[in-house]
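Under the working numbering, the first residue of the sequence shown is numbered -1, with each subsequent residue one higher. Cβ atoms here follow ideal geometry from the backbone N, Cα and C, with glycine treated the same way.
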Amino acid sequence: MYLSILIPIYEERGNIVPLHDSLTEVLEGLGHEYEVIFVNDGSTDGSGAILDDIAKKDPKVRVIHLRRNYGQTAAIMAAINHSRGGIVIPMDGDLQNDPADIPRLLKKLDEGYDVVSGWRKERQDRTVTRLLPSRIANWIISWVMGVWLHDYGCTLKAYKREVIENVRLYGEMHRFIPIYAAWEGARVAELVVAHKARVYGVSKYGLGRVVRVLLDILVLYFIDRSFDRPIQFFGKIGILSLFFSFGAFIWAVIIKVFYAVDFILTPLPLVSGTLGIAGIMFMLLGVIAEIQSRTYFESQGKTTYSIKRTSNIKPSPAKKD
């Protein structure tokens, strides 16, 4: 299998048929064997029935139905795990990515790159709720992780299978696959791709996702810089916290000595101590919980999704003890 197209679907019934038609026209013109894997991420608008109908008519379409809405990252992970292509291209199911860009991504891979990331340079989204937060997030990710891309949030990317077959995705991590690949020495390129305005359905993204992405950046930073030496990461936080706690205590002593303000009359000792300890505890608990989660899934061989049924997909062979 040369090419696998991976498409998560959530409440996109008006977009599925025209997307399939556009994909078929482009992919048949490539002259290579391909598959299109749709992942129904718990849709309740009838998207699942439409996908099954397409799969009955087109044997190159394979469908995975998740039991509930697990999110885009889990849906893409499910598609990767069931794909067979030597090249893997995820894309959105809302018709905003243009299938006509797929040959251009493949051509860029042929230049010797392992990952080609789409850049929606002329993005057709709302400025306040989508464009501005996205630009800020992309700059922060590039600055923190050292892999400079304009558009981490663009789902349309092309990967050679060897750079993603060992990647495990959690949270909102699908956007960071180029970073994982770069860590393994992969060559990463960026290509300007088309971006169309949404015609059917409504966007599932909002400002709330910004917080989740920022937290994922913290986890990635920890894994990249301090996973094998966590004391360096937590030690810096502890020293900084102690510095401010000591400063607050000294200030409390100064106002007591020079201004006769007793400790019990100022919240400085309590605030500095409580907030410092609480801040460190919450950060540690967050990171430790993230590591424990990954350890659990990896050690148990579990996934972050549960499949209800499939179309045109044979069951995986049972693992031997």
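- Between L213 and V142, the C-beta spacing is not below 9 Å.
- Apart from the 5 residues on each side of it in sequence, I5 sits with its Cβ closer than 8 Å to the Cβ of L17, V34, I35, F36, V37, A77, P88, M89, D90 and G91 in its chain, given in chain order.
- Bounds of the alpha helix (DSSP H) holding A179 are I175 to W181.
- Judged by DSSP in its simplified three-state form, I248 adopts helix.
- Between the region -1 to 15 and the region 79 to 88, the count of C-beta pairs closer than 8 Å reaches three or more; the two stretches touch.
- The residues N310, in chain order, have a CB closer than 7 Å to that of P57 in the same chain once the five nearest residues on each side in sequence are set aside.
- Contact between the region 153 to 167 and the region 238 to 247 is absent: fewer than 3 CB-CB pairs across the two stretches fall below 8 Å.
- Secondary-structure assignment with DSSP links I87 through a beta bridge to I3.
- At the C-beta level, G116 and K54 stay beyond 9 Å of one another.
- Its Cα nearest to that of R210, the residue Q70 stands out among Q70, G83, M(-1) and T308.
- DSSP, read as helix, strand or coil, puts A276 in helix.
- Note: Y157 is bridge-paired with V86 and V113 in the DSSP secondary-structure output.
- Looking at the DSSP output, T308 shares a beta bridge with I62.
- DSSP places I35 in the strand class (E or B) of the three-state scheme.
- Taking all protein chains in view, the Cβ of R307 is surrounded by fewer than 16 other Cβ atoms within 10 Å, so the residue is classified as exposed.
- Boundaries around V142 are those of the alpha helix (DSSP H), L130 to M143, since no beta strand (DSSP E) includes it.
- The three-state secondary structure of N13, taken from DSSP, is helix.
- Counting along the chain, the unbroken alpha helix (DSSP H) around L104 starts and ends at I100 to L107.
- Within its own chain, no residue has a Cβ closer than 6 Å to the Cβ of I286 once the five positions on either side in sequence are excluded.
- Secondary structure of L189 (DSSP, three-state): strand.
- In the structure shown, the three-state DSSP call for N79 is helix.
- Counted as a single uninterrupted DSSP element, the alpha helix (DSSP H) harbouring I52 occupies residues S45 to K55.
- For the 9 Å CB-CB criterion, F174 and I139 form a contact.
- If you ignore the 5 residues before and after I305, its C-beta comes within less than 8 Å of the C-beta of I62, H63, L64, R65 and A76, all in its own chain and listed in chain order.
- At a Cβ-Cβ threshold of 9 Å, P97 and L147 do not count as neighbours.
- Taking C-beta atoms under 8 Å as the contact rule, R185 and Y111 qualify, at a distance of about 5 Å.
- Rounded to whole angstroms, the separation of the alpha carbons of I162 and E182 is 10 Å.
- Closest by C-alpha distance to R60, out of N67, G44 and N79, is N79.
- About 5 Å separates the CB atoms of V113 and A179; that is less than 8 Å, so the two are in contact.
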